[in-house]
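Take the sequence shown: its letters are residues 1 to 407, numbered as in my numbering. Using N, Cα and C, we set each Cβ at its ideal position, and we do this for glycine too.
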Amino acid sequence: MSRRNDLLKEIVGQHWPDVLRSNPRFNTLWHRRVVGNTLRCGDADRMGFAKYRCTRCGQTRLVSFTCKTQFCPTCAKRRALEWSEFIASRLLPGMRYRQVILTVPEELRVHCRNPKLLGELLRIAHRTLAEVFRKNTRRKDLEIGTIAVLHSQGRAGNLHLHVHVLVTLGGIGRDGRMYRSTVPSYPLFRKVWGEALLRMVSQNVDDLKIHATVEELRRRHPGGFFVRVENKEIGHGERRTARYISKYLGAPIISPNRIIYYDGKNVRYRYWDFTSNKVATRTMAARDFVAQMVEHILPKSFIRIRHAGLHSNRRYTIAREQITRRQASSQSAELPHRRRRIPYRALLLNLCGRDPLVCRECNNEMELEILWHPDLGFIRDRWEDLVEFIRTDEGFIVPRAPPGLAG
């Protein structure tokens, strides 16, 4: 683990107790578990480990288990790689895609933090784009495909709810034919999204003041809310697709590399400011910095990536068959139905270009020797199979004792 990651864990570990005392709403079993697992991430004695040994020269390698939470910047990066590979492989052949970013105005962000509204936010994102493309193509029966990802943080780490949506430029009609579409106009995007969002908030927020807030927003923003459409088009099978998707899929709350200064009380970090269009810095109390990060822990079991329309589980296989049949495609590759975890070995090969399980001394492939988990104990112990004998000063042949488990 890098020094930057260690610094971030140090900041969180030192000020997490203060955050719990000053913010009772974070004092839940789920928040404590996520933060606790993040602080233990990579600690072999507390998380468990796998130990490998070279059977030729005896060199060992210890691989510590990780927390696998979205809150942890290291594990979030791995999950982003896994999801991006999965999504890239599921893009429909022959379809072109654009990324659309739908934002929530500042006045509504606190209300939309409710778990029920977070899920509804992703649902209306699909409905909005479906309505926009139906109006743009003038086909009421057009069905599009979307992959929506919820983001709760802005560039500065503040609460800034928005939805990244990968949307098909067109779709399939009721007659089974594929219809392409140009990119709809910005005013249409903004108007439809604004009305859908305000209607959703009015119907789901139980607050006497919310109706006044909604009417005020309608008056101040008659054209709707900010929507951004990326210029790049991506498609199925393109090499850049997975890399492009991972950029917006796994952005950490605050990347450890952006932390400039920490003195035990204050944290200074840099971020890209869209207002000034340049790099800016922010200094804040360490306790507030940690609270700002914890703010973005999503509810337990919340699914932040949603597939809808042609990309829904119910519709995807049929849609793909319809498209490939019309294209006379001979693609018969097995389709992935779920995200596949990238093994540790493949991950290091992808990121560093070297095999972590090849001995650095003799280039022999190492074998798994010990597998240990703090709750399950020894899952596998191959010491008896790999026992080595050495000659003592007295001339006797005795088994060599195993090294320290995590040493």
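Item: For Asn23, three-class secondary structure by DSSP; Value: coil
Item: Opening and closing residue of the alpha helix (DSSP H) in which Arg37 lies; Value: Going by the sequence as given, residue 37 is Asn instead of Arg. Taken as a continuous stretch (DSSP letters only), the alpha helix (DSSP H) holding Asn37 covers 29-40.
Item: 8 angstroms CB neighbourhood of Tyr97 in its chain, flanking five on each side removed; Value: Leu91, Leu166, Val167, Thr168, Leu169, Glu233, Ile234, Gly235
Item: Coil, strand or helix - Ile390 by DSSP; Value: The predicted position of Ile390 is uncertain, since its pLDDT is 34 and thus under 50; no value can be drawn from it.
Item: Unbroken alpha helix (DSSP H) run spanning Asp288, endpoints; Value: 286-294
Item: Lys116 to Ile303 span [Cα, whole Å]; Value: 12 angstroms
Item: Minimum length 4: unbroken alpha helix (DSSP H) runs contained in the region 35-90; Value: 44-47, 73-90
Item: Beta-carbon proximity list for Gly13, same chain, < 7 angstroms, skipping 5 on both sides; Value: Leu39
Item: With 16 other Cβ atoms within 10 Å as the buried cut-off, status of Phe274; Value: exposed
Item: Option in Val34, Val19, His151, Arg139 with minimal Cα separation from Gly119; Value: His151
Item: Where Asp141 falls: helix, strand or coil (DSSP); Value: coil
Item: Under 9 angstroms between C-beta atoms of Arg218 and Leu198; Value: yes
Item: Touch test, the region 50-63 against the region 366-381, Cβ-Cβ under 8 angstroms, three pairs minimum; Value: yes
Item: Segment contact, 8 angstroms Cβ cut-off, at least three pairs: the region 291-306 with the region 27-34; Value: yes
Item: Start-end ranges of the beta strand (DSSP E) lying completely within the region 99-187, minimum 3 residues; Value: 145-153, 159-168, 170-172, 178-180
Item: Closest residue to Ala280 among Ile260, Met293, Gln292 (Cα-Cα distance); Value: Ile260
Item: Closest by C-alpha distance to Ile124, when choosing among Gly264, Val205, Asn114, Leu102; Value: Leu102
Item: For His373, three-class secondary structure by DSSP; Value: strand
Item: Stretch-stretch touch, CB-based, cutoff 8 angstroms, three pairs: the region 63-70 with the region 18-31; Value: no
Item: Close beta carbons around Arg258, own chain, < 7 angstroms, minus the five adjacent residues each side; Value: Tyr269, Arg270, Tyr271
Item: Opening and closing residue of the alpha helix (DSSP H) in which Arg270 lies; Value: Not the alpha helix (DSSP H): Arg270 falls in the beta strand (DSSP E), residues 266-273.
Item: Own chain, CB closer than 8 angstroms to Gly223, minus 5 neighbours either side, in chain order; Value: Pro187, Arg190, Lys191, Gly194
Item: C-alpha distance - His15 paired with Asn27, whole-angstrom precision; Value: 14 angstroms
Item: Per-residue DSSP class, three states only, for Phe378; Value: strand
Item: Spatial distance of Glu106 from Asn266 (CA atoms); Value: 26 angstroms
Item: From His111, Thr324, Leu159, Asp45, residue whose alpha carbon lies closest to that of His211; Value: His111
Item: Alpha-carbon to alpha-carbon, Gly377 and Arg113; Value: 39 angstroms
Item: Limits of the unbroken beta strand (DSSP E) element including Arg306; Value: 305-309
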